[in-house]
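Here's the structure we're looking at; comments come further down.
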Amino acid sequence: GQNIDQPTEMTATEGAIVQINCTYQTSGFNGLFWYQQHAGEAPTFLSYNVLDGLEEKGRFSSFLSRSKGYSYLLLKELQMKDSASYLCAVPPGDSSYKLIFGSGTRLLVRP
Amino acid sequence: ETGVTQSPTHLIKTRGQQVTLRCSSQSGHNTVSWYQQALGQGPQFIFQYYREEENGRGNFPPRFSGLQFPNYSSELNVNALELDDSALYLCASSSASGGSETQYFGPGTRLLVL
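Line order of the protein sequences matches chains A and G. Here the first sequence is numbered in my numbering, starting from 568 and rising by one per residue. Here the second sequence is numbered in my numbering, starting from 2 and rising by one per residue.
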């Protein structure tokens, strides 16, 4: 079956670095997505990883290890506006038209 | 470039009623997927439409149905509403059907069933 696990909540301080982990189990693999979702708003696309390694995009980086079924999202120089939920999502290999989402990690950035 | 739009933004219905939610895909996109997101949960896949045909369906009953039009806009219809249907309904568009295509989400319709 398909399963995605993320921590429910995390708290960090403005200016710091935070790592949000995601582990997944899917039949087949077509890459892994990270989305950011502010309360009451739509998810917005952050990153897509299909090969192992780190992809850097400004203050945000995403890492993937396919052999370990593991990814993380790294947020640097945290800002108050980074307070949001971060969703990890995978398209399962046997039905790649859909995304299976984790429950999301609620990040609270404190001054 | 126009992003994904949805209407209405909020809706209140009573149990047993029917509802239609609408979505306009991002320009250049021909695929629309619908998701249901309960409070505190990740989005759950309902179904996807590609070239006006249903291209896959999640674990939702037949009272959830949809359409895609020639301009790639889409509708989600829910019949015989139940209290548990209260959720944020998200539409996402992409440029093709397949796992590697990034899905871009609209702002959602928040449905409350009383």
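Here a beta-carbon is modelled for each residue, glycine too, at the ideal position from N, C-alpha and C.
Check                                                                                                                                                                       : Outcome
Sorted by chain position, which residues of the same chain lie with C-beta nearer than 6 Å to residue 666 of chain A's C-beta, five sequence neighbours on each side aside? : 656 and 658
What residues in the segment 53-71 of chain G bring their beta carbon closer than 8 Å to a beta carbon of chain A?                                                          : 56, 57 and 59
Would you tell me roughly how many angstroms separate the C-alpha atoms of residue 69 of chain G and residue 30 of chain G, rounded to the nearest one?                     : 12 Å
Check the C-beta distance from residue 633 of chain A over to residue 600 of chain A and give it rounded, since I have them as a contact under 8 Å.                         : Not quite, the Cβ-Cβ distance comes to about 14 Å (not below 8 Å), so this is no contact.
For my contact list, residue 671 of chain A and residue 654 of chain A are in at a C-beta cut-off of 8 Å; report their separation, rounded to the angstrom.                 : 5 Å
What does residue 34 of chain G touch in chain A if you count any residue whose Cβ is under 8 Å from its own?                                                               : 664, 665 and 666
Please list, in chain order, the residues of the segment 4-31 of chain G that have any C-beta partner in chain C closer than 9 Å.                                           : The structure shown contains no chain C; its protein chains are A and G.
Rounded to whole angstroms, what's the CA-CA distance from residue 605 of chain A to residue 650 of chain A? Just pull it up for me.                                        : 7 Å
Grouping DSSP H, G and I as helix and E and B as strand, with all else coil, what is residue 648 of chain A?                                                                : helix
Within the continuous beta strand (DSSP E) that includes residue 55 of chain G, where are the two ends?                                                                     : 54-58
Between residue 67 of chain G and residue 76 of chain G, how many whole angstroms is the CB-CB distance? I'm expecting something under 8 Å.                                 : 6 Å
Would you say residue 674 of chain A faces chain G, with C-beta separation under 8 Å as the test?                                                                           : no
Apart from the five residues on each side of it in sequence, which residues of its chain come closer than 7 Å, Cβ to Cβ, to residue 619 of chain A?                         : 631, 632 and 633
Using a Cβ-Cβ cut-off of less than 9 Å, list which residues of the segment 600-613 of chain A approach chain G; keep chain order.                                           : 600, 602, 604, 607, 608, 609, 610, 611 and 612
For residue 37 of chain G, which residues in chain A fall below 9 Å Cβ to Cβ?                                                                                               : Going along chain A, no residue has its Cβ under 9 Å from residue 37 of chain G, so there is no contact; the nearest lies around 11 Å.
Just the C-alpha distance for residue 16 of chain G and residue 580 of chain A, rounded to the nearest angstrom, thanks.                                                    : 44 Å
Is the beta carbon of residue 103 of chain G sitting closer than 8 Å to the one on residue 615 of chain A?                                                                  : yes
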